[in-house]
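Have a look at the structure below, then the notes.
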Amino acid sequence: MSKKIFSGVQPSGNLHLGNYLGAIKNFVELQNGKNTDCIYCIVDLHAITVKQDPKELKKSIRETLAAFIASGLDSKKSIIFNQSAVSAHSEGAWILSCIARMGWLNRMTQFKEKAGKDKEKASIGLYAYPVLMAADILLYDTTHVPVGDDQKQHLELCRDIAQRFNNDFGISNFLKVPEPLIQKNFSRIMSLKDGTKKMSKSDPSDFSRINLMDNKDKIINKIKKAKTDTLPMPNENEDLKNRTEVLNLLVIFSSLSNQSIEKSINEFSGKNFSIFKEKLANLLIEKIEPISKEINKLLNDQKHLDGILHEGSEKANEFASKKIKEMKKIMGF
Ligand code: AMP
Ligand code: TRP
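Using my numbering, the first residue of the sequence shown is number 46, and each one after it goes up by one.
This is how it looks when you write it as structure tokens:
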């Protein structure tokens, strides 16, 4: 059976190595796999659940698309589009918000984290965010959703909403109940300065992350300064206990070279830390610099980028508008 893959990424400028290894690289592998139809959506409607500067938002959408394409996503193989261009997403979100229960949404931990102490001031959109995500997924009869660990709960909610809709209207399997695809290895890339924190664009220190648009010198410098410890390179997995920073660097190395951690440990066991760091920096340059150059090239041709989104939106709309029509018919509209 063929797989229908859907995933969404919020538009953001300055994508980093965590986004690449945790999401985009996996998208490319799925796209190039057998029997898969992939849809990748830049979720600009999700972005506005917190305040956005319109000019910045437009720029971020293009930058995210450029990073997708530069990393190997191909608009001829996958459908790549931005959410706001396909109105069925908003319409579906409203309909599904009448299916989802307050009690279900009240359990969402991401809302609690993002809303912080002053929940009264959070937008209704931030609260309803997972319902829009459910619409994204369900409009395309998605079978599999590659997401990070943090989105597992939202996907559970999406499954509940689909089942409830099917039950309420007595029409089994109309909304397909999707499965999560959680990357098992290397799913979380940590900060270069603190191995207990996720690598993130919101970290005030630029030295905590490798950005996809960093040049060679920056990469070398950041890896040189990356936190390690005074112990020698590990000889086995056991030696990595409580050494989160060293583990993280080995995870980055292994993920970029598509090999197991064990293999990387063997490769550097008994060697000097500086040798490992040099190899890591070289590998990063080999993999990231071409992406960085391509992103910059693509950003110089906005018409081309906008054309890709336009074409993707038309393809997505063809599918989503049909599904929403059927949904409305079922509901008596
Ligand atoms: P965000 O910009 O946090 O919305 O993330 C966009 C995508 O990149 C999501 O699929 C995240 O799971 C993934 N991602 C972001 N930061 C990291 C990280 N440090 N390690 C692994 N994946 C990440
Ligand atoms: N909420 C997801 C995130 O923050 C992004 C997202 C929106 C998404 N719609 C989606 C992911 C649909 C997978 C499927 O990472």
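Idealized CB from N, CA, C, for every residue including glycine. Bear in mind the structure is a predicted one, so any value in this text is a computation, not a measurement.
Check	Outcome
First through last residue of the alpha helix (DSSP H) which encompasses His199	197-213
C-beta atoms of Ile84 and Phe51 nearer than 7 Å	yes
Exposed unless 16 or more other CB atoms sit within 10 angstroms - verdict on Lys49	buried
Beta-carbon contacts of Gly193 that lie in its chain and below 6 Å, excluding the five residues immediately before and after	Gly67
Cβ-Cβ distance between Phe313 and Met278 below 7 Å	yes
Cβ pair Ser116, Val73 closer than 7 Å	yes
Assigned exposure category for Asp89 - 16 Cβ within 10 Å defines buried	buried
Any non-hydrogen atom of ligand 2 within 6 Å of His189 CB	no
Endpoints, alpha helix (DSSP H) assigned at Lys338	318-344
Euclidean distance between Cα positions of Gly53 and Gly78	19 Å
Thr109 burial status per 10 Å Cβ neighbour count (16 or more: buried)	buried
Inter-residue Cα distance where the pair is Lys246 and Ile265	19 Å
Segment contact, 8 Å Cβ cut-off, at least three pairs: the region 130-143 with the region 353-371	yes
Closest by C-alpha distance to Ala379, when choosing among Ser168, Thr154, Lys157, Phe210	Nothing can be reported for residue 379: it is not among the residues displayed for the chain, which extend from 46 to 378.
For Asp163, the residue or residues it bridges with in DSSP	Note: Asp163 sits in no beta bridge, so no partner.
For Met153, three-class secondary structure by DSSP	coil
Contact test: Val54 Cβ vs ligand 1 heavy atom, cutoff 6 Å	yes
Cα-Cα separation between Lys272 and Leu237, rounded to whole angstroms	6 Å
Interface flag, Leu183 vs chain C, CB-CB below 7 Å	As a matter of chain content, chain C is missing from the structure shown, which is built from one protein chain.
Rounded distance between the beta-carbons of Leu329 and Ile227, thought under 8 Å	Not really, about 25 Å apart at Cβ, beyond 8 Å.
N- and C-terminal bounds of the beta strand (DSSP E) containing Gly53	48-54
CA-to-CA distance, Gln55 to Leu343, given in whole angstroms	19 Å
Cβ-heavy atom distance, Met46 to ligand 2, below 6 Å	no
Local conformation of Asp262 per DSSP, three classes	helix
Among Glu158, Ile140, Val222, nearest to Asp186 - alpha-carbon criterion	Val222
C-beta contact flag for Asn71 and Pro249 at 7 Å	no
Enclosing alpha helix (DSSP H) for Glu371 [first to last residue]	347-376
Contact check, Ile144 vs Ile206, beta carbons under 7 Å	yes
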